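Here the structure comes first, spelled out in structure tokens, and everything after it is commentary.
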């Protein structure tokens, strides 16, 4: 099944997880369309100054892959700068935040895999 | 856990699944590093003229997301051109091929979710 970019569901979330500004989440496929154990496969866009606040994942893990821009990731309290091509995994029971402290749009591919 | 682009495992596969030329597969994380039910999360690169041959997925599904370039996808016999931002899902029991018939590098994010 093909999903064209212009037909994907695009959610705008304000102050997501207590973060700043707006986060745009473009769902490649809805959860109903995914047959495997994943609850999100999406492109996440953060304008400069925007962020997703620090939060924990329970019984699931999230993988980020930086497509463009520069991300500041708080990985369990360890602050790291991620550039295009870099990735991060936050396991079940771990916490992270994601911020765009750069001066261009940050685009990240996000996959959340369920453990059960 | 952070994975820097330069530390990712990059596989080169010749005539993959009976396709043409070379396919570069950059694994964001190894299967051991993934806790959820997925066996591949990778960036796939195809130079012009290269392809992954037509093949079936059993007990798993594969999601493609076009990052850059133009893909020709044979989706169960239906030939489609995919552009950056477009996506495709090939469910368990279904078949696909992926070709770069364009004139620039094709970069695709691929996720294979296991059903069991």
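Residue numbers (our numbering), protein chains in the order written: chain A, -4 to 111; chain B, -4 to 111. In this text, a Cβ means the ideal position worked out from N, Cα and C, and glycines have one as well. Note that this is a predicted model, so its numbers are computed, not measured.
- A residue is called buried once 16 or more other Cβ atoms fall within 10 Å of its Cβ, and residue 102 (chain A) is buried on that count.
- Residues 4 of the same chain have their beta carbon placed closer than 7 Å to that of residue 25 (chain B), with the five preceding and five following residues left out of the count.
- Assignment of beta-bridge partners to residue 69 (chain A) by DSSP yields A:74, A:92.
- CA-to-CA, the gap between residue 23 (chain B) and residue -3 (chain B) works out to about 10 Å.
- The beta carbon of residue 81 (chain A) sits closer than 9 Å to some beta carbon of chain B.
- Residue-level contact by beta carbon fails for residue 42 (chain A) and chain B, as no gap is shorter than 9 Å.
- Around the beta carbon of residue 70 (chain B), a 10 Å sphere encloses 16 or more other beta carbons of the protein chains shown; the residue is thus reported as buried.
- When Cβ pairs closer than 8 Å are counted between the two stretches, the region 77 to 96 of chain B is seen to touch the region 44 to 60 of chain B, the count reaching three or more.
- DSSP places residue 107 (chain A) in the uninterrupted beta strand (DSSP E) bounded by 101 to 109.
- Interface residue (Cβ-Cβ distance to chain B less than 9 Å): residue 75 (chain A) is classified as such.
- Excluding its 5 nearest sequence neighbours in each direction, residue 109 (chain A) has C-beta neighbours in its own chain below 8 Å: 32, 33, 34, 54, 55, listed in chain order.
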